[in-house]
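Quick note, the sequence shown lines up with residues 1 to 322 if you use the working numbering. Just so you know, even glycine gets a beta-carbon here, dropped at the ideal spot from N, CA and C. Just so it is clear, the structure is predicted and the values come from calculations on it, not from any experiment. Following: one structure in structure tokens, then a few remarks.
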Amino acid sequence: MTREELLRLIDKATDEGQTELDLSGLGLEELPPEIGKCTQLETLVLGKVNRWRGVDGKWTPQPITNQLTSLPEELRTLKNLRSINLSCNPFGKIPELLLEMKQLESLNLTSIGLTEIPDAINKLPNLTKLDISFNQIENILEVLPKLCEILGHLSNLTEIHLVGNQIAEIPDAIGKLSNLIYLDLFSNQITEIPEALTQMSSLMWLKLRGNQITHIPDAIAQLSNIECLDLGFNQITHIPEAIWQLNLTLLDLGGNQITQISDVIVQQPNLTHLYLWENQITQIPEAIAQLSNLTELYLWNNQITVIPEAIAQLSNLTELYL
């Protein structure tokens, strides 16, 4: 896009009072100072990511982006700006002016070449969502505990994404993020679920898909508010009864090595989405008929030879893959 075309786009957004402006995928190398005229903007998208499934459940970012390395000072005039997405632009670091925009609620830094997270990020008191997926943070195992300490001071932070950062271990300091509702650790190298994670009682959505977890601890039952649990594409062989003590609406254990579904599954009356595809399951229990709210059931690529008639009793089922 030429500079003239971009300026016309900015003028149009200003004249129409647009609150959201998506400039991703336009081949921009510079954001013009005229962006400061869009004082009504609440959301600015300068890059975004589509993801697709790769080998063993690993996902890689498909960018719709630009080539921005800096932001104009005029961005400070956007006092209504609440959300900014810098995904897949080669910034290399968090632009300092963003760390002074205390009104920001959502900050997406996916794949911008970060090697460190500045302490100053704790000066964004209204931040509720932070995405630092697919970066190159040096000494991540040493940095992560400190990062948890820093982010723990952000009392409004409820959602964090740390996808694809080669994290091998979840530190005990994760417990500092006591207000988190959504935690995404998808596509890392995590081998176990630590006790500190199971004590995060505010969590409603936990995504550990595409790691190297072999065992689900009984302490998982302590996640009393969890509704969505994604452990797909790990190396899990057994579903512990502790899972069935949770009040789940979504359970994804696809792409593991599970051989059996327990009758205790009936303890999940609110379950609407159950994904157990690509395992080694040989039998579907008749008790599955009691999951009356189930809308999606994925069981393909198992070793099931008999489909129980009980499945026909799932009157709300809209998607069934065997």
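So, are the CB atoms of residue i and residue j less than 9 angstroms apart?
i	j	result
Ile304	Ile288	no
Ile137	Leu151	no
Asn80	Thr2	no
Thr69	Gly47	no
Please list, in chain order, all residues of the same chain as residue i whose beta carbon is under 8 angstroms from its beta carbon, the five residues on each side excluded.
i	result
Leu71	Leu31, Pro95, Leu97, Leu98
Ile323	Shown here, the chain extends from 1 to 322; a query on residue 323 therefore has no answer.
Leu180	Leu157, Thr158, Glu159, Ile160, Met200, Ser202, Leu203
Leu317	Leu294, Thr295, Glu296, Leu297, Ile311
Ile307	Ile284, Leu322
Ile213	Ile190, Thr191, Glu192, Ile193, Leu231, Asn234, Gln235, Ile236
Leu7	Pro32, Glu34
Glu319	Thr295, Glu296, Leu297, Tyr298
Quick check on this structure: which residue in the options has the alpha carbon closest to the alpha carbon of residue i?
i	options	result
Ala219	Leu246, Ile170, Glu159, Asn270	Leu246
Gly17	Gln40, Leu28, Pro33, Leu7	Gln40
Gln283	Thr272, Asn301, Leu294	Asn301
Glu227	Gly210, Gln212, Gln268	Gln268
Leu223	Met200, Gly27, Gly92	Met200
Leu75	Cys88, Leu154, Pro63, Thr43	Thr43
Asn89	Leu127, Ser111, Arg8, Lys12	Ser111
Ile64	Pro33, Gly27, Phe91	Gly27
Leu183	Leu21, Ala310, Ser202, Tyr298	Ser202
Val49	Gly92, Pro118, Ile132, Thr249	Ile132
Ser24	Asn66, Arg8, Pro33	Asn66
Pro125	Pro145, Glu100, Phe134, Val143	Glu100
Leu248	Leu291, Ile170, Glu149	Leu291
Gln62	Thr77, Ser87, Arg82	Ser87
Glu309	Gln260, Glu286, Ser315, Ile170	Glu286
Going along the chain, which residues of its own chain have a beta-carbon closer than 6 angstroms to the beta-carbon of residue i, five neighbours each way excluded?
i	result
Ala242	Asp218, Ile220, Ala221
Asp172	Ala196
Lys129	Ser106, Glu159
Asn256	Asn234, Ile236, Asn279
Thr14	Lys37, Cys38
Leu185	Leu162, Leu208
Met251	Here residue 251 is Leu; the residue named in the question, Met, does not match the sequence. Here the set comprises Leu229, Leu274.
Ala120	Leu99
Could you pull the DSSP bridge partners for residue i from this structure?
i	result
Glu20	Thr43
Asn50	Gln62
Asn108	Asn85, Asp131
Leu183	Ile160, Leu206
Could you check where the alpha helix (DSSP H) with residue i kicks off and where it finishes?
i	result
Lys37	First-last for Lys37: undefined, no H or E at that position.
His88	Note that residue 88 is Cys in the sequence shown, not His. From DSSP, Cys88 is part of no alpha helix (DSSP H); its letter is neither H nor E.
Glu100	Looking at the DSSP string, Glu100 is not in any alpha helix (DSSP H), and its letter there is neither H nor E.
Asp11	3-15
Lys146	140-151
Locate the beta strand (DSSP E) running through residue i, then write down its first and last residues.
i	result
Ile193	Where Ile193 is concerned, there is no enclosing beta strand (DSSP E), given that its DSSP letter is neither H nor E.
Lys207	205-207
Ile160	159-161
Leu250	250-252
Glu296	296-298
Asp230	228-230
His273	273-275
Glu319	319-321
Excluding five sequence neighbours on each side, which residues of the same chain lie with their C-beta closer than 7 angstroms to the C-beta of residue i?
i	result
Gln313	Ala289
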